[in-house]
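Protein chains in written order, with my numbering: chain A, 141 to 524; chain B, 101 to 451.
Beta carbons: idealized from backbone N, C-alpha and C, even for Gly.
In this text the structure is predicted, and so the values were computed from the model without any measurement.
Below: one structure, written as structure tokens.
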């Protein structure tokens with residue numbers, strides 16, 4: 141570790157019952173009710189899915205976008221342990237916690253969407269697996285990564301339970317777990333983009349390219365930092381804690397670096413493939429493309445200057461914009477730019493939206509419970 | 101100073117690992133796969149089709165599928181598109197006054213919608229659990245519900261929109277034409293071809309069907325010609341005798357004996373295009389039409405299958421897990437230097 145002194149993580153404390161946790165509870169109950177109908181009567185009973193749009197928001201938002209939002213842990217861990225930027229160390233635990241929830245729920249959420257979920261073991265059964273399938277790679281990597289993240293995060297629980305010995309032993313192997321924790325998300329976040337390649341001409345040329353894995357990986361990393369900015373600002377305001385500007389300001393600069401690389405690759409690819417002209421053909425796809433691009437370019441203007449990066453409101457806004465941009469890239473590729481033939485339309489039903497909301501509610505509730513009861517956020521003289 | 105040097109090392113290590121692997125990549129590029137030599141398929145000739153839909157009914161019966169209704173009275177099977185319960189459908193093209201058959205303007209035409217049995221199918225490449233498979237000999241793309249997890253990646257991947265899911269069932273399956281492979285052992289071939297009264301749908305080896313299609317394209321429109329019905333007998337004979345090495349006989353019993361059903365009729369006016377000969381590297385179901393294929397619902401596809409590109413990327417990145425292990429090695433090396441054993445213990449220590 142580098143020469144930095146940080147406050148040790150400590151539980152925030154305070155009551156677990158408030159308007160936010162109660163709202164989360166209601167959303168989770170609604171989700172459970174809808175899922176019961178889904179498992180009793182089939183996907184058609186609650187979703188707007190059809191054969192023209194076999195994947196809806198449960199796949200695209202909950203899993204593909206949701207897991208990208210959960211890249212904070214991976215992005216920050218890579219910065220701290222691989223690029224040896226120890227000054228960001230206090231950001232690791234909260235970011236990892238959010239990732240842990242994001243991924244665990246994305247993994248669990250897949251089950252709701254699987255039409256024949258009881259066969260899911262075939263995904264790991266040597267006699268059934270198909271290594272040619274991009275989805276097989278994604279599934280195996282995400283499963284492994286969820287396990288790796290629980291191990292990565294376990295010192296927090298061991299610490300709270302006072303099991304110092306177990307923690308010390310784990311600490312000796314932690315470097316390998318951390319290395320795994322950077323490689324696995326690189327693999328599946330890129331492959332989430334590759335998922336589109338086999339769909340061929342059905343995907344609009346603005347979002348169909350052989351370099352999809354690179355685009356999805358770069359945006360996943362960028363979104364990871366954006367989520368950390370977002371969460372840090374939100375946690376500070378919700379828990380009335382001091383905002384960690386001394387870390388967030390330089391972190392934003394790292395984020396902009398990845399963003400700049402992404403923009404060069406993205407626009408370069410569109411030019412080389414000659415697909416850019418499609419963005420000037422009046423269509424819903426073109427509109428969505430410009431919206432997506434605007435979300436990626438705006439942060440450069442907003443916090444491009446060092447002085448602006450010291451402004452928490454601007455950091456927060458830039459974080460939100462980048463999360464939105466990354467989400468749009470995925471939404472556009474998988475739903476807006478997906479055209480399988482005439483006669484099919486898809487719009488999520490209220491039930492689908494409520495299930496997605498319920499998933500995010502579990503994340504928020506889990507984050508609140510764990511940060512209030514376990515040592516995650518840096519200790520500080522906070523008022524509650 | 102140390103920090104900066106370590107940072108650069110991290111960058112270098114990951115960069116070097118990535119470059120090494122990408123440099124070795126082109127060897128893993130995969131070409132579009134051709135149809136197997138003994139591939140079975142169908143030839144659908146839209147100019148012979150009279151739109152009687154006997155094939156739709158026969159398909160329902162052969163696959164034990166329930167009727168689907170689109171009229172108020174629910175009297176008979178009237179599906180509007182293929183579905184998880186309808187694997188074969190005849191669709192109609194109409195334009196203007198509908199004066200003449202197989203005419204693009206002021207005309208009408210029929211088109212069969214069912215699985216094309218691609219040489220290099222996207223659904224098979226996409227399926228994570230090998231529930232969708234391509235028979236190495238017959239090339240039939242088959243489905244196994246006992247493995248299927250219902251993820252519907254095959255539905256999304258197919259450029260023809262063929263695999264369909266049963267959304268109305270808690271145990272929904274994927275439904276698609278499997279060329280009646282369950283009937284082959286009894287000497288029966290595809291039910292749609294068996295019942296077709298005009299030979300518009302013909303069963304056989306794709307190689308033979310392609311030759312037959314080219315024979316038809318060379319005919320003069322309106323000229324009397326002989327057209328086979330049911331299955332191409334040539335295929336059967338070739339099979340029963342076995343090829344030069346006698347392999348054919350051993351592997352398949354051959355189709356049940358039926359009298360020659362060929363008949364004479366005037367040749368239609370064909371577009372000089374055998375759909376499926378080149379599309380996506382070639383499909384086992386071939387189609388002839390008098391009306392532009394895109395107008396009758398067949399997509400305009402490149403000669404390379406998307407599966408080839410997808411698998412090239414997949415194996416370039418993950419072939420033999422070389423790249424992941426190289427990157428993991430680099431990451432472990434760097435992390436070992438940067439992570440202290442008690443790093444996670446309090447985060448408060450100074451060094």
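Rounded C-alpha distance that separates residue i from residue j
i	j	result
residue 393 of chain B	residue 400 of chain B	8 Å
residue 305 of chain A	residue 485 of chain A	57 Å
residue 441 of chain A	residue 176 of chain A	47 Å
residue 108 of chain A	residue 413 of chain A	Lying before the first or after the last residue shown, residue 108 of chain A is absent from chain A, which here runs from 141 to 524.
residue 239 of chain B	residue 457 of chain A	55 Å
residue 350 of chain B	residue 319 of chain A	Residue placement at residue 350 of chain B cannot be trusted, given a pLDDT of 42 that sits under 50; what the coordinates show is reported in the next sentence. Taking the straight line from one Cα to the other gives about 54 Å.
residue 138 of chain A	residue 260 of chain B	Given that chain A is displayed from residue 141 to residue 524, the structure contains no residue 138 of chain A and the question cannot be resolved.
residue 421 of chain B	residue 413 of chain B	13 Å
residue 280 of chain A	residue 432 of chain B	20 Å
residue 155 of chain A	residue 237 of chain A	20 Å
residue 265 of chain B	residue 255 of chain A	9 Å
residue 376 of chain B	residue 384 of chain B	7 Å
residue 226 of chain B	residue 254 of chain B	6 Å
residue 336 of chain B	residue 200 of chain A	Any reading at residue 336 of chain B must be qualified, since the residue scores a pLDDT of 48, below 50, and its modelled position is unreliable; the value itself is stated next. Spanning the two alpha carbons is a distance of roughly 48 Å.
residue 438 of chain B	residue 374 of chain A	30 Å
residue 496 of chain A	residue 202 of chain A	6 Å
residue 361 of chain B	residue 181 of chain A	47 Å
residue 342 of chain B	residue 149 of chain B	Because residue 342 of chain B sits at a pLDDT of 47, beneath the cut-off of 50, its placement in the model cannot be relied upon, and the following sentence gives the value as read from the coordinates. So the two alpha carbons sit approximately 32 Å from each other.
residue 246 of chain A	residue 186 of chain B	33 Å
8 Å contact criterion, which residue i and residue j should meet: CB distance rounded
i	j	result
residue 406 of chain B	residue 339 of chain A	7 Å
residue 215 of chain B	residue 241 of chain B	6 Å
residue 381 of chain A	residue 520 of chain A	6 Å
residue 211 of chain B	residue 223 of chain B	In fact, because the Cβ distance is near 21 Å, the residues do not count as touching under 8 Å.
residue 195 of chain A	residue 252 of chain A	Contact doesn't hold; Cβ gap of about 13 Å is too wide.
residue 219 of chain B	residue 382 of chain B	5 Å
residue 174 of chain A	residue 491 of chain A	5 Å
Contact under 7 Å by Cβ, residue i with residue j
i	j	result
residue 425 of chain A	residue 344 of chain A	yes
residue 230 of chain B	residue 270 of chain A	yes
residue 167 of chain A	residue 467 of chain A	no
residue 155 of chain B	residue 277 of chain B	no
residue 313 of chain B	residue 386 of chain B	yes
residue 169 of chain B	residue 178 of chain B	yes
residue 234 of chain B	residue 262 of chain A	no
residue 141 of chain B	residue 190 of chain B	no
residue 473 of chain A	residue 336 of chain A	yes
residue 184 of chain A	residue 199 of chain B	no
residue 367 of chain A	residue 212 of chain A	yes
residue 517 of chain A	residue 160 of chain A	no
residue 365 of chain A	residue 395 of chain A	yes
Candidates the options, of which the one nearest residue i by Cα
i	options	result
residue 319 of chain B	B:232, B:295, B:294 and B:147	B:147
residue 421 of chain A	A:312, A:409, A:365 and A:346	A:346
residue 240 of chain A	A:518, A:510 and A:519	A:510
residue 328 of chain A	A:298, A:254, A:282 and A:430	A:282
residue 188 of chain B	B:360, B:414, B:202 and B:167	B:167
residue 379 of chain B	B:436, B:404 and B:358	B:404
residue 244 of chain B	B:429, B:426 and B:273	B:273
residue 483 of chain A	B:432, B:397, B:204 and B:376	B:397
residue 225 of chain A	A:516, A:433, A:160 and A:388	A:388
residue 283 of chain B	B:163, B:256 and B:204	B:163
residue 390 of chain A	A:410, A:200, A:231 and A:259	A:231
residue 314 of chain A	A:188, A:221, A:470 and A:451	A:221
residue 461 of chain A	A:477, A:447 and A:438	A:438
residue 299 of chain B	B:425, B:327 and B:257	B:327
Within chain A, partners of residue i - CB distance below 9 Å
i	result
residue 361 of chain B	Simply none; closest approach about 35 Å.
Contacts of residue i in chain B (Cβ-Cβ under 7 Å)
i	result
residue 270 of chain A	227, 228, 229 and 230
residue 273 of chain A	225, 226, 227 and 228
residue 290 of chain A	Within chain B, no residue comes near residue 290 of chain A; the closest Cβ sits about 14 Å away, beyond 7 Å.
residue 342 of chain A	259
residue 122 of chain A	Absent from the structure is residue 122 of chain A, since the part of chain A shown begins at 141 and ends at 524.
residue 319 of chain A	428, 431, 432 and 435
Proximal residues of chain A, C-beta to C-beta of residue i below 8 Å
i	result
residue 261 of chain B	191, 192, 480 and 481
Under 7 Å from the C-beta of residue i: neighbouring residues of chain A
i	result
residue 413 of chain B	334, 337, 350 and 353
residue 251 of chain B	254 and 275
residue 297 of chain B	None at all; the shortest Cβ gap to chain A is about 29 Å.
residue 407 of chain B	338
Proximal chain B residues relative to residue i, where beta-carbon distance stays under 8 Å
i	result
residue 260 of chain A	249
Beta-carbon neighbours of residue i, restricted to chain B and to distances below 9 Å
i	result
residue 569 of chain A	Within the shown structure, residues of chain A are numbered from 141 to 524, placing residue 569 of chain A beyond reach of any answer.
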